[in-house]
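Chains U and E, in that order, give the protein sequences. Using my numbering, read the first sequence as starting at 28 and increasing by one per residue. Using my numbering, read the second sequence as starting at 378 and increasing by one per residue. Notes for the one structure printed next.
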Amino acid sequence: TQLLEQSPQFLSIQEGENLTVYCNSSSVFSSLQWYRQEPGEGPVLLVTVVTGGEVKKLKRLTFQFGDARKDSSLHITAAQPGDTGLYLCAGVNNAGNMLTFGGGTRLMVKP
Amino acid sequence: DTAVSQTPKYLVTQMGNDKSIKCEQNLGHDTMYWYKQDSKKFLKIMFSYNNKELIINETVPNRFSPKSPDKAHLNLHINSLELGDSAVYFCASSQDGGRGRKAFFGQGTRLTVV
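Structure below.
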């Protein structure tokens, strides 16, 4: 079973601060995805990284896939209260038929 | 239009009952999934199913069974409900092919077993 560990589990910061969330595994994934989940809703895909070393930017969010395709990070610059939510990383297996989720990072950005 | 819809959104039932949660996707996707999210928000895959194969997470009790009447539907049937089954259950779908497959999730069904 492929496992993904996210850190930190909880993060409470002030508006304007920067933060990084990590997603690590001992397994290799064919691709890795980041989702954001709001209370009472299902996860919504933010980005998919496919190539080792790939970096993708989504406004103030920067996603990186590790060279060995075992880990990923999400960096948020100048966090805003609207960034508050549960961030989940998910790895796609080589067969492409299974998503394995990390434990999630609960982010709270205080105004 | 909702891409992946689940019903009901909330379900409260007694121990020992049998219940079903329905899921429908209108995206034309080939693969559908059921996930269980516990109180700590950990999302755990239960089943992955397309018209070719059913992949079952071996840790899922056999009281849980997916039923797919057609490609657009994957219902979750649960027998002899237990207190520990209380959680939020999410249905999702994705299109086969490629490493960048994107999963769309329903809004979840909050199951409470009393």
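Ideal Cβ positions, reconstructed from N, Cα and C, are used throughout, including at glycine.
8 Å Cβ cutoff, residue i in contact with chain U
{"i": "E/F467", "result": "yes"}
{"i": "E/K448", "result": "no"}
{"i": "E/S532", "result": "Since the first residue of chain E shown is 378 and the last is 491, residue 532 of chain E is not available in this structure."}
{"i": "E/I398", "result": "no"}
{"i": "E/R478", "result": "yes"}
{"i": "E/F441", "result": "no"}
{"i": "E/I432", "result": "yes"}
For residue i, the first and last residue of its enclosing beta strand (DSSP E)
{"i": "U/R63", "result": "S58 to Q64"}
{"i": "E/K396", "result": "K396 to Q402"}
{"i": "E/N439", "result": "Unbroken run through E/N439: none, as it is neither H nor E."}
{"i": "E/H454", "result": "N452 to I455"}
Contact test: residue i Cβ vs the ligand FAD heavy atom, cutoff 7 Å
{"i": "U/S58", "result": "Judged by which ligands are present, the structure shown has none, so any question about the ligand FAD falls away."}
C-beta neighbour in chain E for residue i, strict 8 Å
{"i": "U/L85", "result": "no"}
{"i": "U/G4", "result": "Because residue 4 of chain U is not part of the residues shown, which for chain U are 28 to 138, the question remains open."}
{"i": "U/G130", "result": "yes"}
Residue i vs residue j beta-carbon contact at 8 Å
{"i": "E/L453", "j": "E/F441", "result": "yes"}
{"i": "U/G118", "j": "U/F37", "result": "no"}
Check: What residues from the region 408-422 of chain E come within 9 Å of chain U, judged by C-beta to C-beta, listed N to C?
Finding: Answer set for the region 408-422 of chain E: T408, Y410, Y412, Q414, K417, K418, F419, L420, K421 and I422.
Check: In chain order, what residues of the region 61-74 of chain U put their CB closer than 9 Å to some CB of chain E?
Finding: Cβ contacts with chain E come from Y62, Q64, G67, E68, G69, P70, V71 and L72.
Notebook entry, point to check: Between the region 439-453 of chain E and the region 87-99 of chain U, do three or more beta carbon pairs fall short of 8 Å?
Noted result: Taking 8 Å as the limit for Cβ pairs, the verdict is that the region 87-99 of chain U does not touch the region 439-453 of chain E.
Margin query: Between the region 382-391 of chain E and the region 404-411 of chain E, can you find at least three pairs of beta-carbon atoms closer than 8 Å?
Written below: As far as the Cβ criterion goes, the region 404-411 of chain E does not touch the region 382-391 of chain E, which means the pair count is below three.
Margin query: Please list, in chain order, the residues of the region 113-128 of chain U that have any C-beta partner in chain E closer than 7 Å.
Written below: Those would be L113, L115, V119, G123, N124, M125, L126, T127 and F128, in chain order.
Next item on the list: Pair every Cβ in the region 475-491 of chain E with every Cβ in the region 422-441 of chain E, then say whether three or more of these pairs are closer than 8 Å.
Entry: When Cβ pairs closer than 8 Å are counted between the two stretches, the region 475-491 of chain E is seen not to touch the region 422-441 of chain E, the count staying below three.
Next item on the list: Assess, as a yes-or-no matter, whether the region 459-466 of chain E is touched by the region 107-126 of chain U under the definition of 3 or more beta carbon pairs within less than 8 Å.
Entry: Two segments are said to touch when three or more pairs of C-beta atoms, one from each, lie closer than 8 Å; by this definition the region 107-126 of chain U does not touch the region 459-466 of chain E.
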